[in-house]
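Participant: Take a look at this one; I'll ask things after.
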Amino acid sequence: EVENWRRVKLWARGQGDNPGWDIAVDAQDRPRIAFYPEYMEDGSGEQLYFGWCDVGCLETESWTFNNLGLGKDNGADPDLVFDDEGNIWIAFVAWDGSGLGLVACEADCTAPDAVWQDLLIDSYEVLEAEWNVVLSPTCDGGIWQAWTPSLAFDPAGNLRLAYDATYHGYCWWDTDYERWVESYQFWLIQRSVRGVLLTQE
């Protein structure tokens, strides 16, 4: 029944095609959210935020969110999980699609001065070094980009990540109209799925 559902407006989505968010609940059933809004006129968009609520979560004023301080263009497509000890981990797209990042908090994550540690897991330089792409003579180089990361912990406590990786080339031939173009077009050349395993030390 539609009338049985309730909702609450939390934040503006911003102006753009790819705002991102993810939600998980802790051991006390309290919701925690990773949120990446698109462009905002006040400059607050295109950055990663962590939001939380402990009680009264269908009321807007019950929610608080912190900017995780990763800077512009870091935080798209976030995926938030808890490990067995209740620590928070968020995988995200870094550098406007050019890499995969990870940010984590181990204690007092809802405090104003909470400490979040961030790490770049994969970058387009790593993908270029490991995956050779054969280009058409009509294309002049290109770049790898990361999309939609997903993370989970295995039974041994190791962190496993997977994400989409695409390679777009700078091409001077319009395949739709079969003609040369005066300025290059960005064409999808290759799409792959990449997995990453981080072991406990």
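Numbering of the sequence shown is given in our numbering, commencing with residue 736 and proceeding in unit increments.
For each residue, glycine too, the CB sits at the ideal point set by N, CA and C.
#1: Out of GLY778, PRO872 and THR795, point me to the one whose CA is closest to ASN802's CA.
#2: Provide the residue(s) that pair with CYS906 in DSSP beta bridges, ordered along the chain.
#3: For CYS788, which residues in the same chain have their Cβ closer than 8 Å to its Cβ, ignoring the five residues on either side in sequence?
#4: Which of the three DSSP states is assigned to VAL861 in this structure?
#5: THR795 by DSSP, collapsed to three states: which one?
#6: With a threshold of 8 Å, are at least 3 pairs of Cβ atoms found where one atom belongs to the stretch 806 to 824 and the other to the stretch 886 to 904?
#7: Please say whether LEU835 and ALA881 have beta carbons closer to each other than 8 Å?
#8: Throw me the rounded Cβ distance for the ILE825 and LEU870 pair, which I believe falls under 8 Å.
#9: Which of helix, strand or coil does DSSP assign to TRP830?
#10: Mark ILE758 as exposed unless 16 or more other C-beta atoms lie within 10 angstroms of its C-beta, in which case mark it buried.
#11: Looking at ASP899: is its Cβ nearer than 8 Å to the Cβ of THR910?
#12: Check each candidate in ARG926, ALA769 and TYR905 and name the one with the smallest Cα separation from TYR919.
Facilitator: The relevant details are as follows:
#1: Of the candidates GLY778, PRO872 and THR795, the one whose C-alpha sits nearest the C-alpha of ASN802 is GLY778.
#2: CYS874 and GLN920
#3: ARG765, PRO766, SER797, TRP798 and THR799
#4: The answer is helix: DSSP assigns VAL861 an H, G or I state.
#5: Helix.
#6: The stretch 806 to 824, when compared against the stretch 886 to 904, does touch it at the 8 Å Cβ threshold.
#7: yes
#8: Incorrect: roughly 34 Å between the Cβ atoms, too far for contact.
#9: helix
#10: exposed
#11: no
#12: TYR905
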